[in-house]
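Protein chains in written order, with my numbering: chain A, 225 to 514; chain B, 31 to 341.
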Amino acid sequence: MPPLPVLMGQLLLGLINGAFYAVLSLGLALIFGLLNIVNFAHGALYMMGAFVAWLLLTTLGIGYWPALVITPIVIGLFGMAVERTMLRRLAALDPLYGLLLTFGLALVIEGLFRQRYGVSGQPYPVPSALQGGVNLGYMFLPIYRGFVVVASLVICLATWLAIEKTKLGALLRAATENPPLVRAFGVNVPLMITATYGFGAALAGFAGVLAAPVYSVNPLMGSNIIIVVFAVVVIGGMGSIIGSVLTGFGLGLVEGLTKVFYPEASSTVIFVIMAIVLLIKPAGLFGKAS
Amino acid sequence: MKSRLAFALLVLAVALIAPFGIYPIFLMKALCFALFAVSFNLLLGYAGLLSFGHAAFFGMASYVTGHAMTQWGATPEIAILAGVAVAALMGAGFGYIAIRRQGIYFAMVTLALAQMVYFFCLQAPFTHGEDGIQAIPRGSLFGLVSLDDPRRLYYFVLAVFAIGCWIVWRAVHSPFGQVLRAIRENEPRAISLGYRTRQYKLVAFMLSAALAGLAGGTKALVFQLASLTDVHWHTSGEVVLMTLLGGMGTVLGPIAGAFVVVFIENKFADAGDWVTILQGAIFVIVVLLFRKGLVGEAVDWWQRRKAAAAG
Chain A
225 MPPLPVLMGQ LLLGLINGAF YAVLSLGLAL IFGLLNIVNF AHGALYMMGA FVAWLLLTTL
285 GIGYWPALVI TPIVIGLFGM AVERTMLRRL AALDPLYGLL LTFGLALVIE GLFRQRYGVS
345 GQPYPVPSAL QGGVNLGYMF LPIYRGFVVV ASLVICLATW LAIEKTKLGA LLRAATENPP
405 LVRAFGVNVP LMITATYGFG AALAGFAGVL AAPVYSVNPL MGSNIIIVVF AVVVIGGMGS
465 IIGSVLTGFG LGLVEGLTKV FYPEASSTVI FVIMAIVLLI KPAGLFGKAS
Chain B
31 MKSRLAFALL VLAVALIAPF GIYPIFLMKA LCFALFAVSF NLLLGYAGLL SFGHAAFFGM
91 ASYVTGHAMT QWGATPEIAI LAGVAVAALM GAGFGYIAIR RQGIYFAMVT LALAQMVYFF
151 CLQAPFTHGE DGIQAIPRGS LFGLVSLDDP RRLYYFVLAV FAIGCWIVWR AVHSPFGQVL
211 RAIRENEPRA ISLGYRTRQY KLVAFMLSAA LAGLAGGTKA LVFQLASLTD VHWHTSGEVV
271 LMTLLGGMGT VLGPIAGAFV VVFIENKFAD AGDWVTILQG AIFVIVVLLF RKGLVGEAVD
331 WWQRRKAAAA G
């Protein structure tokens, strides 16, 4: 048995990874629900979020808290432009084309950032209000890391409430089930699709800002995480919001535990779990059988 | 029919004299990736299965061939066959898992499984991690014919490529291939006609993985190197690009696409990240503007012209 602080430290790290998995897979699930495409560019949007925050700080001197608001808006607008100019043209086609297009976009975005900023990573300071940590007796908790977990839980919960409990959310769920019918009721579904893609992109941007002080700001951070998030999505099934959030956090914890007990497998454990889940329950833990 | 035979003879003649005019390494690289793309297209173009993890088979076979040549002193044909066998076994395992999901999920599952292989190769001792397996000897075919001469190696690669393409061609133009197309068009109907579609998909997946392994093993001999690049998701993306650009579901499309992509890579080898950016841009342009790919659009244009001339 490893010492308790080591175990708790890795669990916390796992929880933070899980927070990013949760926010990213939530955005993927929302976009998939309405647009029926898997957004391969999601990792690139996340990486862009971190870079926008970093650029705001280094060029305009705009700090963390304004960046936490501005960045998701910027990334959301960018996402809406992508949906309007490109993804919309693929609406009637096989969903695989959406995957291929967003894969190409991810290559372009990642390549451009790599070309401009290299792969070494840029440091982003922890905001002054969240520096330091608390000694909980059994472990040392850096305040910022606790904040990341709480902030992503709050954003996931807010998204869930907005979709399950508001009028707009009800329309969104209806449009996911049957777009032509909702259109017949006079709802502007194309606008809703644009807004949904924008919101999903904004979530990715938000996660990027949260991640900036934890990991360094790096052009490769998006592609590193997106494949894991895909596995998370396959494990959870994209049917339910609560499901994707729970799966995200849960798998982050499992990854953290693996780092303690069998570090060699920590980078592959999620993929192994995915294979096992597919063998036992192909629709995913929270998915409906199709 | 006559024009087809003439075309085939022309291609054969060009292929045979090509190494006297063009740098053989470039040709061999293009042929290896063309075979890789042909194997991938067997799945995407005929069975409608988009695998985003084919680099796992290509790269792992490359490692196995390299290992067999350097550590066991195997002859090239044995080393390549070992790579093919491993790729086929992996294909059986991956296929068994991945065909439980369709469409977009299939793509995500294969991508995730391939990433698992990538991390395995990063840590396993026999791959030599970041260094890869270097200075792989080319050996002597059947222990008799040395492959060190680039032109001789070229003809060997050409033969491997031809065998691989012939296997795919036979598979596609057989009752088996017809069933695959039926599954692509309408799987429920194929099931109701009594076909065990899962078994067909699994066999197609294994065959495709084995041929991707054939391409990967041959590539290890050509470059005398097996490295992490070969198992990286980027390579999986490249083979998708080749097939999409050339035209999925056509016999010549993936080959043409592979030559174009490899040409671009060689031409802009010094431009670093711009190659990736250009590849991404090609993805976007092809998906938005000509989804049938170069060969698909050319065939369309040809048929329209013929129809116009006849009418």
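The beta-carbon is built from N, C-alpha and C at its ideal position, and this holds for glycine as well.
As the structure is a prediction and not an experimental result, all values here were calculated from the model.
Interface with chain B (8 Å Cβ-Cβ cutoff): Gly242 of chain A is excluded.
Under the Cβ criterion of 8 Å, Arg313 of chain A is counted among the residues facing chain B. Per the coordinates, the alpha-carbon of Val358 of chain A lies some 11 Å from the alpha-carbon of Arg369 of chain A. Beta-bridge analysis with DSSP links Gln346 of chain A to A:Val441. Going by DSSP, Pro366 of chain A is part of no alpha helix (DSSP H) but of the beta strand (DSSP E) stretching over Phe364 to Pro366.
The beta-carbon distance between Ala291 of chain A and Leu281 of chain A, rounded to whole angstroms, is 7 Å. This is short enough to meet the 8 Å contact definition. Among the residues facing chain B, Pro506 of chain A is included, as its CB has a counterpart in that chain under 8 Å away. For the alpha helix (DSSP H) assignment, the uninterrupted runs of no fewer than 4 residues enclosed by the segment 231 to 293 of chain B are, from N- to C-terminal side, 263 to 276. For Gly96 of chain B, no beta strand (DSSP E) segment is defined; the enclosing uninterrupted segment is the alpha helix (DSSP H) at Ala85 to Gln101. Around the beta carbon of Trp304 of chain B, a 10 Å sphere encloses fewer than 16 other beta carbons of the protein chains shown; the residue is thus reported as exposed. Tyr245 of chain A sits close to Gly472 of chain A, with the two beta carbons spaced by under 8 Å.
DSSP places Ser352 of chain A within a helical segment (H, G or I) once states are collapsed to three. Restricting attention to A:Leu228, A:Gly511 and A:Gly242, the CA atom closest to the CA of Ser376 of chain A is found in A:Gly242.
In terms of Cβ geometry, Met310 of chain A and Val314 of chain B form a close pair [threshold 8 Å]. At a cut-off of 8 Å between beta carbons, Thr306 of chain B contacts chain A. For Gly357 of chain A, the enclosing beta strand (DSSP E) stretches over residues Gly357 to Asn359. Within chain B, the residues Ala142, Leu143, Gln145 and Met146 have their CB atoms less than 7 Å from the CB of Phe495 of chain A, given in chain order.
Taking Leu323 of chain A as the centre and dropping the five residues before and after it, the same chain places the C-beta of Ile261, Val262 and Phe264 closer than 7 Å to its C-beta, in chain order. In the DSSP assignment, Tyr135 of chain B falls within the unbroken alpha helix (DSSP H) covering Gly133 to Gln153.
Pro218 of chain B has its alpha-carbon roughly 54 Å from the corresponding atom of Leu228 of chain A. Contact note: Arg338 of chain A reaches chain B through Asp303, using a C-beta cutoff of 7 Å and chain order. By the rule that beta-carbons nearer than 8 Å mark a contact, Ala36 of chain B does not touch chain A. Within the DSSP secondary-structure output, Leu171 of chain B pairs in a beta bridge with B:Val175. Taking 8 Å as the CB threshold, Arg214 of chain B stays off the interface with chain A. Here Leu259 of chain A is buried. Its C-beta has 16 or more other C-beta atoms within 10 Å. When secondary structure is reduced to three states using DSSP, Ile52 of chain B falls in the coil class, being assigned neither helix nor strand.
Contact between Val269 of chain B and Phe66 of chain B holds, with the beta-carbon distance rounding to 5 Å and staying under 8 Å. The C-beta distance from Leu477 of chain A to Leu235 of chain A rounds to 6 Å, short enough to fall under 8 Å. Chain-ordered, the chain B residues with CB closer than 8 Å to the CB of Ile451 of chain A read Leu141, Ala142, Gln145 and Trp263. Look at Ile163 of chain B here: in three-state DSSP terms it is strand.
Note that the C-beta distance between Thr280 of chain B and Gly326 of chain B is below 8 Å. At a C-beta separation below 8 Å, Arg131 of chain B has these neighbours in chain A: Val458, Leu502 and Pro506. Shown here for Leu241 of chain B: same chain residues with a beta carbon closer than 6 Å to its own, the five before and five after excluded, namely Ser69 and Gly194 in chain order. Between Ala64 of chain B and Phe191 of chain B the beta-carbon gap is near 7 Å, inside 8 Å, which marks them as a contact.
When Cβ-Cβ separations below 8 Å define contact, Leu259 of chain A makes no contact with chain B. Take the alpha-carbon of Ala431 of chain A and the one of Gly508 of chain A: they are about 24 Å apart.
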